[in-house]
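Just so you know, the sequence shown maps onto residues 7 to 236 in the working numbering. No residue lacks a Cβ here, since even glycine has one placed at the ideal position from N, Cα and C.
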Amino acid sequence: MNRTIVLNWKDSDPAPDTLHKDREIYNAADQKEAYLYHIEHSDVDSYIINCSSLTIVDVKAIIRHIQYLNAIITIILYKADFGVFEPLLQGGTVFIASNMEEAASHLRATDKKVRSTNRIQWPLHGEYWESSPSDRKKERVMVTSISSGGCFLRSEKLEGLQAGDGISILFHFRNFDFLAEGSIVRINKGDGAASRGMAVSFKKVSPQTERYIQEIIDEKILSEIMDMIK
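Dropping the structure here:
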C-alpha cells in the first residue's frame, strides 16, 4: 500500500484523508510520531508538510530528517510561499503545492512501487568468502549499506569476482555474528576507495535472520533520528 504522512496539519485545513482515495494518509501529531510511523511502515513514499507556520530553517531540517529515512521520497511543501521556499525544491523529490488539488496531483504522480524494508548507510564489519571455491578464503570487508534484502560491501579485492557469483557473508554486530548467503548483482571498480566494492542480494536467508537484520536497522535509524530532533 502507498502511504503518506502529513505534518503540521491545521484544523482549518481540509481533512487529509481526502487527498487520495487509494492510499493511507497518516496525520502525525509531531515529528517524533511521524518518524516512528515511518520506521514501522517502510512503504511510506511521501510526506506533506504544512509550511504556513514554519520557517525555511524549520522545513530544511525536517527535509533532512525525512531524507535520512528515504533519500528518494516525495516531499510536498503545502501552503509554502514560493518566493521563500524555492531554494528547498529538488527536482523530482521536493515540490510546492499551494492548495489541496496541487498536493493531490503530486501524490498521484508518486504512485509507484515502494520499498518494503528500511535500509541505512551504516558501516559494519564482516568477512565474506566465495560459495564455490573449496579453500573458503575469507576477505575482510566493511558493510557500508544494508537492508533485509541485500547490502553493499566495500572492498579493494575484486579481482576474479563477477555478477552472479555466490558469496557467504559473516556480519559482526556488537557481540553477535550472523551469517547470510547471497549473490553479487553489481561490481563497482570506481577510482575512489569509498566506492569500490560489490552490491549483494541476499538469498537463503532464514526468517529469523531477516527479522534480526531489520531490527538492528530500525534500532539504528530510530537512534539517529531521535538525536536529530532533540
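Exercise for the section: Sort L176, G166, K163 and Y53 by Cα distance to C157 and report the nearest one. Expected result: Residue mapping note: residue 157 aligns to position 151 of the sequence shown, counting from 1. Among L176, G166, K163 and Y53, the Cα nearest to that of C157 is on L176.
Practice task
Determine the extent of the beta strand (DSSP E) in which L185 is found, giving its start and end residues.
Solution key: On the sequence shown, position 179 is the one that residue 185 refers to. Where L185 is concerned, the enclosing beta strand (DSSP E) stretches over F182 to N194.
Practice task
Go through its chain and collect everything with a Cβ distance to E145's Cβ below 8 Å, but skip five positions before and after it.
Solution key: Along the sequence shown, one-based indexing puts residue 145 at 139. Excluding positions up to five away in sequence, the list reads E133, Y134, W135, S161 and K163.
Practice task
Look up R29 in the DSSP assignment and say whether it is helix, strand or coil.
Solution key: The residue labelled residue 29 in the question sits at position 23 within the sequence shown. Residue state, collapsed to three classes: coil.
Problem - Residues that W15 bridges to, as DSSP identifies them - result: In the sequence shown, counting from the first residue as 1, residue 15 sits at position 9. DSSP, once it has assigned bridges, lists no residue as partnering W15.
Exercise for the section: Kindly indicate the opening and closing residues of the beta strand (DSSP E) around K209. Expected result: Here residue 209 refers to the residue found at position 203 when the sequence shown is read from its first residue. Residues G203 to K209.
Handout entry: Cβ shell of F184 (< 8 Å), same chain only, five flanking positions each side left out
Key = Taking the first residue of the sequence shown as position 1, residue 184 is located at position 178. Cβ neighbours of F184 beyond the five flanking positions: L176, F177, T215, Y218 and I219.
Handout entry: Nearest-angstrom Cβ-Cβ length linking F286 and V65, presumed shorter than 8 Å
Key = The structure shown does not extend to residue 286, since the chain is modelled only from 7 to 236, so the question has no answer here.
Problem - Helix, strand or coil at G5 according to DSSP, with G and I counted as helix - result: Residue coverage of the chain in this structure runs from 7 to 236, which leaves residue 5 outside it and unanswerable.
Practice task
Evaluate contact between the stretch 68-77 and the stretch 104-114, counting only Cβ atoms and requiring at least three cross-stretch pairs below 8 Å.
Solution key: Contact between the stretch 68-77 and the stretch 104-114 is absent, because fewer than three Cβ pairs lie under 8 Å.
Problem - Own chain residues within Cβ distance below 8 Å of L42, not counting five before or after - result: The sequence position of residue 42 within the sequence shown is 36, counting from 1. Excluding residues within five positions, the ones whose Cβ falls inside 8 Å are L228.
Handout entry: Neighbourhood of I82 by C-beta distance below 6 Å, restricted to the same chain and skipping five residues each side
Key = Taking the first residue of the sequence shown as 1, we reach residue 82 at position 76. For I82, where only same-chain residues beyond five positions count, the Cβ hits under 6 Å are I54, F101, A103, A109 and H112.
Problem - Boundaries of the alpha helix (DSSP H) in which G89 is found, first to last residue - result: Taking the first residue of the sequence shown as 1, we reach residue 89 at position 83. Residues F88 to F91.
Handout entry: Classification of S52 by the beta-carbon crowding that lies within 10 angstroms, buried from 16 upward
Key = Position 46 of the sequence shown, counted from the start, is the residue given in the question as residue 52. Classification of S52: buried, given that the 10 Å Cβ count is 16 or more.
Problem - Rounded straight-line distance, which links the Cα of N56 to that of W15 - result: Along the sequence shown, one-based indexing puts residue 15 at 9. Along the sequence shown, one-based indexing puts residue 56 at 50. If you take the alpha carbons of W15 and N56, they lie about 6 Å apart.
Exercise for the section: Output yes if chain C places a C-beta closer than 8 Å to the C-beta of Q73; else output no. Expected result: This model lacks chain C altogether; it includes just one protein chain.
Practice task
Keeping to the same chain, check which residues put their C-beta closer than 7 Å to that of L167; ignore five residues upstream and five downstream.
Solution key: Taking the first residue of the sequence shown as 1, we reach residue 167 at position 161. Once the five neighbours on either side are set aside, the close Cβ partners of L167 are I190, I193 and M204.
Problem - Burial state of K85, where buried means 16 or more other Cβ atoms lie within 10 Å - result: Translated into positions along the sequence shown, residue 85 becomes position 79. Burial call: buried.
Exercise for the section: Please check the pair V211 and L159, which I expect to be a contact at CB under 8 Å, by giving their CB distance rounded to whole angstroms. Expected result: Walking along the sequence shown from the start, residue 211 turns up at place 205. Walking along the sequence shown from the start, residue 159 turns up at place 153. Not confirmed; about 16 Å, so no contact.
Practice task
Could you please give the first and the last residue of the uninterrupted alpha helix (DSSP H) stretch that includes L42?
Solution key: Taking the first residue of the sequence shown as 1, we reach residue 42 at position 36. L42 -> alpha helix (DSSP H) spans Q37 to E46.
Exercise for the section: With DSSP as the reference, please indicate the residues paired to I55 in a beta bridge. Expected result: As a position in the sequence shown, residue 55 is number 49, starting the count at 1. Per DSSP, L13 and L83.
Handout entry: Nearest residue (CA-CA) to H47, options H71, D28, F208 and T10
Key = Position 41 of the sequence shown, counted from the first residue, corresponds to residue 47. Of the listed residues, the one whose Cα sits closest to H47 is T10.
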